[in-house]
Structures are given as C-alpha cells and as structure tokens.
Amino acid sequence: MKKIKWMALSLATVGLLASCSNDDNGTVTGDDTTDDTVALRSELYASNNNNGNVTNYNVSDLSVEDSETYITISQDSEGIYYDATDDELVQASRTLGQLNSYADISLADDGINLALNFSSTADLTSPRDIAVGGGVYVVADNSDVDGDPMTDDGRLYVYVEESSGFTLRNTVTVDFAVWGIEFVNSDLYVVVDKTSDIAVFNNFATGYTIDETATPSKRVTIEGIVRTHGLAFDGNTMILTDVGDAGSDTDGAFHIITEFQSKIAGISDGGTLLVAGNQVRVAGSSTFLGNPVAAEFDAETNTVYIAERANGGGRVLAFTDANAGGDISPTANYELQGASSLYLYKE
C-alpha cells in the first residue's frame, strides 16, 4: 500500500488544526458536525544483513503491511536511528565500517536511492547496534579487540555529529563481547554477548570521554535467558531478547521486565534478576522466534517489535499486549530477509 508522504500531510494539518479543538480526552476534533483525526507518524525502520537497505513500516495499523524500501550505499547494516529534527536516518554499515547519514527521509518514496548526507571515517569492524543520547552516537562493535579469540572483549565507539559530519570522540573497550545497547536516561545498558548478562555504565556520555578500557558500573544476570542480544526501553519497561542456540531458528524468546529501573537498582553488582515476580517470558512455536537479534517497545500501545534473524530467513514481528507471556502468536508477521535492527519513531 502506498503511503501519503508525511511532510505534505503535516502542511495540510496546519490548516486543520486552526479550525479544530481538543475535546476532554485530548482528541483533536473538527466542528460540531465533523470529527477529523489528525494523522501522525508511527513508523518502524528496519535494517538488514542481506542488502543493507532500509524498510520503513507504517505501524499505525498492524493488520495491514504498509511498507516502503529505501536503497542505501551499504550491503550489510546493523544499527539504525531516525532523527526527526534533521529528518535524517543514520545506519551503521558493516560493509563499509562507518556511520552513514541519509537526508530527507520524510520525502522518500518506495525504491528510492537515499541521499547521503555524510559518513564517518571507516573506524568500525563489526558494528551491531546504535544508541543515541547525551549528545553522542554510540556504536557497539563486537570485533576481537586484542586478537586473542580465547578472550572476550568488545568496543564502544563514541561519535559526535557536527555540521561537517560524524567525528569519532573516543572509544571505550570492555572485557566482554558486546551486542545491543540502549540509553536509559543518561545510563548506557550494554548486552554482554554469549551470556544472559547486561552491563550498565552510569552517565556514559559525560563519564567516559577518553579512549580507555572501562569496567561497567554494574553487571547483572537475567535469569531464564540463554544468550541475550537485543534490548529496548520505554515507559520504564525493558525488553530483552534471547537467541538461545544461535544454530536453531525456533528456540528464541523475549523477556518483559516492568518497573525495570527499580528492579535493577535492587540488584547488587554480579547479582541475578530472578524470573519469579520480575519477568514475563514469551517463547514457543507460535511466536516465530528463533534468533531475535533486536527489539523496540512502544509503551503507549504496549507493543513489542522484534527483528528476527533466523526464522524463515528473517522477519519483523509485532506482539501487542504480550504481558501474559507464553507461546503466543505475533500480532503482525512481516517477512524481511536478514532482519537485523529496528528503530521506532512516533509523533
């Protein structure tokens, strides 16, 4: 289905708002005889490993697959972020080892070659995720830092965006393999790959400003997870994915942790967040989860979005009201070969 371009819609909305008022529940309505709902953007951007292109899903109605695909200069991408202020999309290219910024996303049509704004230098080796907060772009890179495959390590690349492009500010090396990353306020949460652990670096953007090897402020084990990869936070709920056995396309899961910040605050460094009373697990044959590598969460609609890498060659899944957990079917199931990363934008 073809989408109306949102920038044009926004211009048309200006006139509508001038003659509309808010009713008691905040809904924008028209005059006494006509009720008009102002359409707002609700878009899920997805990267993939197969061709590096961007798929933009209109997720305002999950019963209908409404998507467009935009062509990028990368053949393999992980990590994606949309900045509405500058109308730019940022991807981490595994092909080119750099951050790429693309312009005028709200004007893009299906099949278009995105206009490249600028790129970082080719600093990256194996980028897996992007997190943006505190004025910086952080890229998790899971390449072997010390050249010894018997030791686990990873690196966080910290970039600042200037008018001329991305500048690498510093790198933070850690003694564990990394994958997904997520800012929760000023704290950066990092997946400890090959384990069921997550690590947190308090006040990351301001506390880690030079090239260094750093120890996290806290590391916590999430009971019930075999191997976590993706994480997403919204409305004080954290979603953590479990890829299980990477060779299986049917044993994946995700965990829902409400009141996340207070629960983590109550766990000491090196401790374990138990499942009972703290977590809900979604898993089973009906879920289509095998290797869920990335997640997004919309607290307003209580919807979990998953980039599933293995099942069927790749899917983008949506689960609405999944709080009961168990073997539940997704609300939406879109095929996307090599699905690797997600970013949800709403206005």
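Numbering (the working numbering), first residue to last: 1143 to 1489.
Each residue gets a CB set at the ideal place from its N, CA and C atoms; glycine is no exception.
Given the structure is predicted, the values throughout are model-derived calculations rather than measurements.
Own chain partners of Glu-1489 with C-beta closer than 6 Å, once the 5 adjacent residues on each side are dropped: Leu-1182, Arg-1183
Selected residue, minimal CA-CA separation from Val-1385, among Glu-1324, Asn-1378, Glu-1450: Glu-1450
Buried versus exposed, by CB contacts within 10 Å (16 or more), Asp-1376: With 16 or more other Cβ atoms within 10 Å, it is buried.
Boundaries (first-last residue) of the beta strand (DSSP E) holding Lys-1360: 1360-1364
Counterpart residues of Phe-1260 in DSSP-defined beta bridges: Ser-1243
Pro-1269 to Asp-1225 span [Cα, whole Å]: 20 Å
Whole-angstrom distance between Tyr-1187 and Tyr-1199, CA atom to CA atom: 6 Å
Asn-1378 and Gln-1403 closer than 8 Å at C-beta: yes
Backbone secondary structure at Gln-1233 - three-state DSSP: Strand, per DSSP.
Neighbourhood of Gly-1412 by C-beta, 7 Å cutoff - its chain only, sequence neighbours within 5 removed: Arg-1361
Per DSSP, the bridge partner or partners of Pro-1269: Asp-1283
Exposure of Pro-1291, with buried meaning 16 or more beta-carbon neighbours within 10 Å: exposed
Sequence-distant residues of its chain with Cβ nearer than 8 Å to Val-1302 (five each side left out): Gly-1277, Val-1278, Tyr-1279, Phe-1308, Thr-1309, Arg-1311
Identified DSSP bridge partners for Leu-1416: DSSP lists no partner for Leu-1416.
Unbroken stretches of the beta strand (DSSP E), 3 residues or longer, contained in the segment 1338-1387: 1339-1343, 1360-1364, 1370-1376, 1379-1384
Euclidean distance between Cα positions of Thr-1267 and Asp-1283: 7 Å
Ile-1254 - partner residues in DSSP beta bridges: Partner(s): none; Ile-1254 has no beta bridge.
Rounded Cβ spacing between Phe-1260 and Asp-1295 (contact assumed at less than 8 Å): With a Cβ gap of about 30 Å, Phe-1260 and Asp-1295 do not count as contacting.
DSSP three-state assignment for Gly-1322, whether helix, strand or coil: strand
For Pro-1434: DSSP bridge partner residues: Glu-1450
heavy atom of the ligand PLP below 7 Å from Ile-1381 C-beta: Although the ligand PLP was asked about, the structure shown includes no ligands whatsoever.
The alpha helix (DSSP H) enclosing Ala-1407, as first and last residue numbers: Element bounds for Ala-1407: 1402-1407.
Neighbour-count burial assignment, Thr-1351, 16 or more Cβ in a 10 Å radius: exposed
Helix, strand or coil at Thr-1211 [DSSP, three-state]: strand
Cβ distance (whole Å) where Gly-1253 is taken to contact Thr-1313 below 8 Å: The pair is not a contact, with the Cβ atoms about 37 Å apart (cut-off 8 Å).
Contact the segment 1445-1465 vs the segment 1416-1424: 3+ CB pairs below 8 Å: The answer is yes - the segment 1416-1424 touches the segment 1445-1465, with three or more Cβ pairs under 8 Å.
Close Cβ partners of His-1397 (< 6 Å) along its chain, the five nearest in sequence each way excluded: Leu-1382, Gln-1421, Arg-1423
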